[in-house]
Structure formats: C-alpha cells, structure tokens
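Participant:
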Amino acid sequence: MALTAQQIADLMPDTSQLESDEPEMESSLHYLQLALLASCLDWLWREREDYFIGANLTIYYSQQQLKNREFRGPDFFVAKNTAKRPRRSWVVWQEDGKYPDIIIELLSDSTAKIDRGEKKNLYQNRFRTPEYFWFSPEDLELAGFRLSGEEYEPILLNESGLLWSHVLGLYLGIYHNQLRYFSAAGELIATPQEAALQAQTLAETEHQRAETERQRAETEHQRAERLAERLRALGINPD
C-alpha cells in the first residue's frame, strides 16, 4: 500500500531547521543571473501568494539522501500552489511531497556535465519536475525540456528564438547576454529596476505634457486678453 505524504513525513526526521548546504556560485555572472531570475519573477507575480522561488537552495527528498549527504540544490526553481513564505531549504516530505514545478540550472565549467546528465536524470526520474532548463551565462547555451510521459523532450525554439514555459506562462530567451522572461506576446518582462525607470520616464513625460498644456492655455488666455483690449479701445464690449 502506498504511503500518504503525511505518513512519509511522520517517518522522516524533523528537518524544519535544516539549512541549505549549497556551494558558492561560480562567478559574478552567475550571481547576477540568479538574482535577475528571482527578482524579476517575484516582481511580476507580486500580487500572488501561491508560489515559492528557490535560489541556490538545497532540496531534501529522502532519508537516505540525508544519511549519505547527497545534497541536491538547483540554482533556481519554482514551486507553485504553495505558501509564499521564507524557507531555509526545501524539504519535500514537509511540503506535502511536492517537488519543484520548474528548474533552471546555470551551467559552468565545473557543473555542466552534471547538469546535463546526472541532475537531468534526477529531475526527470525522481523529482518528475515538469520543465527543466539550463543556461550558461558565459557562452549563452540555452536548452529546455518538458516532461512527456516518462522522459524529457526538448522544447523547440520559436521563430524569435524563445522557449515557452507552460509552468510560468512565459517565454525564456536571451536578451543582452542574460536569460530573461518574455510575455506570451514576446514582450520583454521588466525587472523591478527597469519597471521603476519606466514609471519615472512615464511620470516625467506626463509632467511635460501637462506643462505644455498649461503653457498653451496661458498663451491662449493672453491672446484673448489682448483681443479684448483692442475691442474695448474700439468701444466694443468684448463680453
């Protein structure tokens, strides 16, 4: 008889305070890319409370894994339909047996072979994560896979060179040498900084428009006043 998620959780050690045990990122390029992915999606989904974003965070999924210290943490993952709250790590048996819905690995010289092989197999066979992407901040290699039956199938690039994510409802693609999100219409999703700059530019444009309208109205008022003065000089009541 298959055990329920609660029964599994009862059998597992309490890891509610278990810290993440992931190595440092390879370079500043990897740090910046990871921060961009997390902050941009968090900003886009700022009205939602039903997701969790993991960035370089360990996923604990079995007692044997704990015993062997076989820590596995994707560079970036998203779990949907869960509480949006801080976590020290992602502990599957304390999350109702839930694994990430999408994983993105940032390739480097030291991790690329594992990301393309061992981790891909783990996410496919054990995690059953619906979508898996990898991206290299250094040589811009980008690939995506979607679970189809028992195996991952490659996600094909569209005519704009973008990969569609069913999980996110967004495209993933390269813009200015970084992995970015794009809307279903292919429009670049702004980062918080870009959104703030756009809002500032819009406000300045609106202010300039209002100032131009004020000056136009003032000019019209002055013209009307001059015309009224001429009419009065001719003995005509301008009213």
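The working numbering numbers the first residue of the sequence shown as 108 and each following residue consecutively. Backbone N, C-alpha and C define an ideal beta-carbon position, used for all residues, glycine too.
#1: Among residues of its own chain, excluding the 5 on either side of Pro207, which ones have a beta-carbon nearer than 6 Å to its beta-carbon?
#2: In three-state DSSP terms, what is Tyr168?
#3: Quick one: what does DSSP say Glu260 is sitting in, helix, strand or coil?
#4: Under 8 Å Cβ to Cβ from Arg192, same chain only, skipping five residues before and after it: list those, please.
#5: Based on Cα-Cα distance, which residue from Leu264, Glu238 and Ala303 lies nearest to Val274?
#6: Can you tell me whether DSSP reads Tyr282 as helix, strand or coil?
#7: For Val274, name the three-state secondary structure that DSSP assigns.
#8: When we look at the beta-carbon of Tyr288 and count the other beta-carbons within 10 Å, is it buried (16 or more) or exposed?
#9: With H, G and I counted as helix, E and B as strand and the rest as coil, what does DSSP make of Glu129?
#10: Where do the N-terminal and C-terminal ends of the beta strand (DSSP E) with Glu238 fall, by residue?
#11: Give a yes or no on whether the C-beta atoms belonging to Glu212 and Asp182 are separated by under 8 Å.
Facilitator: According to the structure data:
#1: The residue labelled residue 207 in the question sits at position 100 within the sequence shown. Counting only Cβ-Cβ distances below 6 Å, and skipping sequence neighbours, we find Phe184, Ala186 and Thr236.
#2: Within the sequence shown, residue 168 is the residue found at index 61, counting from 1. Residue state, collapsed to three classes: coil.
#3: Locating residue 260 in the sequence shown gives position 153, counting from the first residue. Note: Glu260 maps to strand in three-state DSSP.
#4: The residue given as residue 192 occupies position 85 in the sequence shown. Shown here for Arg192: same chain residues with a beta carbon closer than 8 Å to its own, the five before and five after excluded, namely Phe159 in chain order.
#5: The sequence position of residue 274 within the sequence shown is 167, counting from 1. Comparing Cα-Cα distances from Val274 to each of Leu264, Glu238 and Ala303, the minimum goes to Glu238.
#6: Here residue 282 refers to the residue found at position 175 of the sequence shown. Strand at Tyr282.
#7: Within the sequence shown, the letter at position 167 stands for residue 274. Coil.
#8: Indexing the sequence shown from 1 puts residue 288 at position 181. The residue in question, Tyr288, is buried, as its Cβ has 16 or more Cβ neighbours within 10 Å.
#9: Working through the sequence shown from its first residue, we reach residue 129 at position 22. Bear in mind that a pLDDT of 48 at Glu129, under 50, signals an unreliable position, so the number given afterwards is only what the model happens to contain. Correct three-state label for Glu129: coil.
#10: Here residue 238 refers to the residue found at position 131 when the sequence shown is read from its first residue. Taken as a continuous stretch (DSSP letters only), the beta strand (DSSP E) holding Glu238 covers Glu238 to Phe242.
#11: On the sequence shown, position 105 is the one that residue 212 refers to. On the sequence shown, position 75 is the one that residue 182 refers to. For Glu212 and Asp182, yes; Cβs fall inside 8 Å.
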